[in-house]
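> Next up is a structure, given as C-alpha cells.
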Amino acid sequence: MSFHVEPALETDVEAIARVHVQGWRESYKDFLNPASLAGLSVEERARMWRSTFTAPDPRALLLVGRASDGEIVGFVCGGPVRLEDAVSLDTAAEVYAIYLLDKVKGQGLGRRLMAGLFDHLTGQGFSSAGLWVLRDNLSARRFYERLGGKPGPGQELELRGQTVTEIAYRFDPIPTIR
C-alpha cells in the first residue's frame with residue numbers, strides 16, 4: 001500500500017478523530033479495559049482536534065497519512081512541550097500523539113510521519129523532543145527505540161478510569177529520519 005504524508009486540513013478533523021478512536025481501540029485493547037475503550041467518542045475527539053485549528057501554534061504540526069484511495073489511516077501531532085510535561089520530559093518539543101490503524105502498521109507510514117514531524121520541529125529550532133508511551137505497549141516502545149528514542153522516567157496516571165504507567169522517551173538530538 002502506498003501512502004502520502006501531508007499537513008492536516010480542517011476538513012480532515014472527522015477522519016483524524018475516527019483514526020484516533022480506532023487507533024486507541026486497536027493499540028490499547030490489551031492494556032485498557034474494554035468498557036473504557038467502548039466509551040471513546042469520535043465526536044469528542046473531533047471537538048478536541050477542531051480546537052487545534054481555532055488558534056494554531058505555528059511551531060506545532062499535525063500531519064496525516066493518506067492511503068492511495070485518500071483514506072486517512074494515520075496521523076502525528078507535535079510541537080512545543082506542554083507545560084505539564086516540561087519538567088518530566090526535559091525537552092523543548094513533544095510528540096503529542098501518533099496513531100495508525102492496525103491495517104497499515106509495519107509498512108513505513110509511522111516512520112514517515114515521525115520524519116515529517118521531526119523535520120518540522122528541527123526547522124522550528126527545537127533540538128530535542130520527547131513523548132509519553134504506555135509502559136506495556138512494547139511494540140510502540142520498540143518503534144521509538146528504532147528511531148533513536150531513549151527511555152526515561154515513568155509516571156502513573158489515571159486513564160479512562162484505570163491507573164496506568166507511562167514511560168518518557170527522549171530524542172536528543174532530534175534524529176534525521178530517512
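The numbering of the sequence shown is full-length UniProt numbering, which starts it at 1 and goes up by one.
The C-beta atom is built at its ideal place from N, Cα and C for all residues, glycine as well.
All values derive from a computational prediction rather than experimental measurement.
1) Should the stretch 10 to 23 be regarded as contacting the stretch 64 to 76, the criterion being three or more beta carbon pairs within less than 8 Å?
2) Is there contact here, the stretch 91 to 103 with the stretch 29 to 44, by at least three beta-carbon pairs under 8 Å?
3) With DSSP as the reference, label E71 as helix, strand or coil.
4) Which whole runs of the beta strand (DSSP E) in the stretch 105 to 171 are 3 residues long or more, in chain order?
5) Hey, E71 and R82: beta-carbon distance below 8 Å or not?
6) Does the beta carbon of R160 come closer than 8 Å to any beta carbon on chain D?
7) Does DSSP classify residue 189 as helix, strand or coil?
8) Can the beta-carbon of P153 be found less than 8 Å from the beta-carbon of S88?
9) By the three-class DSSP mapping on this structure, what secondary structure does A92 have?
10) According to DSSP, is L9 helix, strand or coil?
11) Could you name the residues of the same chain whose beta carbon sits closer than 6 Å to that of G65, not counting the 5 residues immediately before and after it, in chain order?
12) Could you tell me which of D119, W49, G106 and A55 sits nearest to F171, measuring between CA atoms?
13) Have a look at K150, G149 and A140 and flag the residue whose alpha-carbon is nearest the alpha-carbon of S27.
14) Just to check my reading of the structure: L147 and I177 have Cβ atoms closer than 8 Å, yes? What is that Cβ distance to the nearest angstrom?
15) What span of residues does the alpha helix (DSSP H) with A35 cover, start to end?
Straight from the coordinates:
1) Contact check between the stretch 10 to 23 and the stretch 64 to 76: three or more CB pairs, one atom from each, fall below 8 Å, which counts as touching.
2) Too few Cβ pairs lie closer than 8 Å, so no.
3) To locate residue 71, count along the sequence shown from 1; it is residue 71. Coil, per DSSP.
4) Counting whole runs of 3 or more residues, the stretch 105 to 171 contains the beta strand (DSSP E) stretches 129 to 134, 150 to 159 and 162 to 171.
5) In the sequence shown, the residue the question calls residue 71 occupies position 71. In the sequence shown, the residue the question calls residue 82 occupies position 82. Not a contact, by the Cβ cut-off of 8 Å.
6) Annotation note: the requested chain D is absent from the structure, which comprises a single protein chain.
7) A query on residue 189 cannot be resolved here, the shown segment of the chain reaching from 1 to 178 and no further.
8) Indexing the sequence shown from 1 puts residue 153 at position 153. Indexing the sequence shown from 1 puts residue 88 at position 88. A contact, by the Cβ cut-off of 8 Å.
9) Counting from 1 along the sequence shown, the entry for residue 92 is found at position 92. When DSSP states are grouped into helix, strand and coil, A92 belongs to the coil group.
10) By 1-based counting over the sequence shown, the position of residue 9 is 9. L9 falls in the coil class under three-state DSSP.
11) As a first step, residue 65 must be located in the sequence shown, where it is residue number 65. Answer for G65: F3, V5, V73, G74, L109 and L113, listed in chain order.
12) Indexing the sequence shown from 1 puts residue 171 at position 171. Cα-wise, what sits closest to F171 is D119.
13) Position 27 of the sequence shown, counted from the first residue, corresponds to residue 27. Closest in alpha carbon position to S27, among K150, G149 and A140, is A140.
14) Taking the sequence shown and counting its residues from 1, one reaches residue 147 at position 147. Taking the sequence shown and counting its residues from 1, one reaches residue 177 at position 177. About 6 Å separates the CB atoms of L147 and I177; that is less than 8 Å, so the two are in contact.
15) For the purposes of this step, residue 35 is taken as the residue at position 35 of the sequence shown. P34 to A38 is the span of the alpha helix (DSSP H), which, as asked, contains A35.
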